[in-house]
Each structure stands twice: as C-alpha cells, then as structure tokens.
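Under the numbering used here, think of the first position of the sequence shown as -11, with each following residue one higher.
Virtual Cβ for every residue (Gly too), placed ideally from N, Cα, C.
To start, the structure under review is shown below, and the notes come after it.
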Amino acid sequence: MVAQVLKVSKEAVRQWLNVYLSSGIKGLLDKHRSGRPSKLTKSQRKELCKLIKDGPGKSGFPGACWRSPMIQHLIKERFNVFYSAKYLSELLKSLGFSFQKAKFVASKQNKEKRQEWLERQWPEILKRAGKVNAYVLFGDECSFPQWGTLSYTWAPIGQQPVIETTGKRKGYKVFGLIDYFTGRFFSKGVEGRLNGECYIEFLKEVLKNTRKPIILIQDGAPYHKGAVVKDFIKKHEKRISVYNLPSYSPDYNPIEMLWKKIKEKGTHLQYFPTFEDLVGKVNEMLVKFENAPKEILNLFGLYDELLDA
C-alpha cells in the first residue's frame, strides 16, 4: 500500500524500512552528499570484508542477513564514507562478494571422515580403477513430483508468477550413475517406492550394458546397505566393488548437480496434468543427458581440482 501511494517500487519501501531498523528516523532524514563516493583505504576495505564475513550480529544489527542499507550504514558509521546503492554494489563485487541465497549444511557432518575421503579413499579409488580399467560410477536417486517444482524467474514487479498444479502427491523416481572418466550416464525410472529390489534391477541393467569392472560410489541410503543388496554385490564381486561416501555429504556426489540441471531444464515451473506427462518429460531429459557426456564431465570439478593440486 505504501508503494502504491508513493508510486515507488516495493523494494524502495523495503530499503527505507531497513534503514529505519538499522539507524532510526535519523537515518531516513540524512541528506546524503552527491557526487563521486569517497574511496575506502586498503586497510578499511580489509576491515570491511571481515565485518561482513562475521555477520550483522557482531556489528550490532538484528538478524543474520545482510541488506544493502545495513552495509551502507555500517560503512558510514565505521569509516565516515557514504556509498550510494549503485556504487555499494560495485564495491562489494570488487571485494569478492555477491548477493546469493544461503544453503543448509548438515550439523552432523564428520569433518575428519570427509577429509579422509578426499585425501585417502579417493586416491585409492583412482589407483584401483587405473589398474583394472574400471568405471568409477557415482550413484544416487531422485524424485520428480507431479505437482511440480518451483524456481526463481524474472517477472514484472508485483506480479508473482503462478504455475498450475494438480496437487497430486505422486512422483517419478529415477536411479542414476555417472562415470568419472567418460561422462557416461546410466538411469532407470521407477514408479512407486524405492527399495533394495528395484535398486538391484537397476544394477543388473548396468552390468548387462557394460563389460568393464565397476567401482560404485554411493551414499548411505538404507536400501543400499540392506541384506538383499549386499548379497547381490557379493555375488558379483568380480565386477562390482562399492565405496560409501561420508555421511551427510551430498556435495561430494556430482550426480546431485545433474538432478538439479534436469529439474531446472525440464520440470521447474512446468504443469503436468497427468503422471504420464511428467514421466515423458523426465525421460526426455534423461535421454538428453545420456547423449551429453561433456556436460556430465563438467560436474566433476571438485575431483578434478584434487588432481591439479
């Protein structure tokens, strides 16, 4: 309502509110000087970086999210230098910052085991693969819901994009494996719940369509460790050997990024009136990436960096 009355954008009102919260009425009444903003010294820029990294709380601001008016106020109070919104954005970019969405990291991550995986197990896997000319396959599963998936997109101010949905709580599950050396992608869709039996059926298809030994890297999903799967792996131990990723470490599994790409290019902001429509679209994207090994290879940046180190 305020934005409509004053004929300004909602973002402008939000910024005024942030200024008020950080510095009160005085902040809103300040008459900022015009012209080119003053430069921060090298030591001041270094100090500013530390203050931003430490978070708003340590500088006396409420909450844990930095907003431009808060940083603007911080620079003015700490260094007696004013930056307009335009120049503040350029300053932050030059200091190596960007406006981005935070992400969750599991509090149960074991740093020692994650480090051991990178420093000991991964080199061991590469050495073993080289000796027997094996595939190194990172595996995972993904669910694609019929009710759709949402994402950020550009749209007119005040007109939030609206996507139709059936609301049906049904999903199409997909098993996947990607090879570190060739970018080869194996996948199998499943209707219904995932379990050890359907995982075995997927592995059987992979064995049928390959000749080389397989080093399988997987997470700790319960059915990966179930008795039926263990028995299957033991029966095929001449072809398959298994390594488990550290717990709560999806960032160590490159196929996680592939699922994001498939959703981004195939299912985000899409309407699927029937389950068959969803299955058809997902299968179309699976075929697309099966024929794009270079795109798959680009997902292994973390492990390529370890080789270069």
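> What are the residues that DSSP puts in a beta bridge with Leu186?
Replying inline: For the sequence presented, residue 186 should be read as Cys rather than Leu. Paired residues: none, contrary to the question.
> Out of curiosity, what's the CA-to-CA distance linking Lys176 and Thr198?
Replying inline: 15 Å
> Given Tyr291, which residues of its chain have a CB within under 6 Å of its CB, disregarding the five upstream and five downstream residues?
Replying inline: none
> For the alpha helix (DSSP H) that Cys37 lies in, which residues bound it at each end?
Replying inline: Lys30 to Asp42
>> My assumption, with CB atoms under 8 Å, is that Thr141 sits in contact with Leu257. Please give the rounded CB distance.
In response: 6 Å
> Since Leu266 and Tyr160 are thought to touch, with beta carbons under 8 Å apart, how far apart are those beta carbons, to the nearest angstrom?
Replying inline: 6 Å
> Ends of the beta strand (DSSP E) at Lys176?
Replying inline: Phe173 to Glu179
>> Starting from Pro111, trace the beta strand (DSSP E) in both directions and tell me its first and last residue.
In response: First-last for Pro111: Trp110 to Val120, but that is the alpha helix (DSSP H), not the beta strand (DSSP E).
> Roughly how far, in whole angstroms, is the beta-carbon of Val124 from the beta-carbon of Ile113, given that I think they are within contact range, below 8 Å?
Replying inline: 6 Å
> Roughly how many whole angstroms lie between the Cα atoms of Gly43 and Asn98?
Replying inline: 25 Å
> From Ala(-9) to Pro149, what does the alpha carbon distance come to, in whole angstroms?
Replying inline: 20 Å
>> Going by DSSP in three states, Asp167 sits in which element: helix, strand or coil?
In response: strand
> First and last residue of the alpha helix (DSSP H) that includes Ser237?
Replying inline: That residue, Ser237, is in no alpha helix (DSSP H); it is neither H nor E in DSSP.
> Just how far apart, CA to CA, sit Gln134 and Phe263?
Replying inline: 6 Å
>> Short of 6 Å in beta carbon distance, which residues of its chain neighbour Lys251, apart from the five on each side in sequence? Order them along the chain.
In response: Thr137
>> Can you check which of these residues, Lys46, Ala73, Ile202 and Gly127, is closest to Ile166 by C-alpha distance?
In response: Gly127
> In the DSSP assignment, what are the bridge partners of His256?
Replying inline: Thr137
>> Once DSSP output is grouped into helix, strand and coil, what is the label at Val230?
In response: strand
> Out of Cys53, Leu294, Leu274 and Lys282, which has the shortest C-alpha to C-alpha gap to Cys130?
Replying inline: Leu274
>> Does Asp296 come out as helix, strand or coil in the three-state DSSP assignment?
In response: helix
> In three-state DSSP terms, what is Ile145?
Replying inline: coil
> Does DSSP classify Pro201 as helix, strand or coil?
Replying inline: coil
> Do Gly214 and Gly184 have their CB atoms nearer than 9 Å?
Replying inline: yes
> When you compare only the Cα positions, how much space is there between Asn6 and Lys248?
Replying inline: 33 Å
>> Counting beta carbon pairs with one atom in the segment 203 to 219 and one in the segment 74 to 89, are three or more of them shorter than 8 Å?
In response: no
>> Nearest by alpha-carbon distance to Phe87: which of Val69, Arg55, Glu104 and Arg33 is it?
In response: Arg55
>> On the DSSP bridge list, what partners appear for Ser(-3)?
In response: Answer is none; Ser(-3) lacks a bridge partner.
> Where does Glu129 fall in DSSP's three states?
Replying inline: strand
> Where does Val69 fall in DSSP's three states?
Replying inline: coil
> Is the beta carbon of Phe220 less than 9 Å from the beta carbon of Leu191?
Replying inline: yes
> What's the call for Glu(-1), buried or exposed, on a 16-neighbour Cβ count within 10 Å?
Replying inline: exposed
> Along the chain, where does the alpha helix (DSSP H) that runs through Met245 open and close?
Replying inline: Ile243 to Ile250
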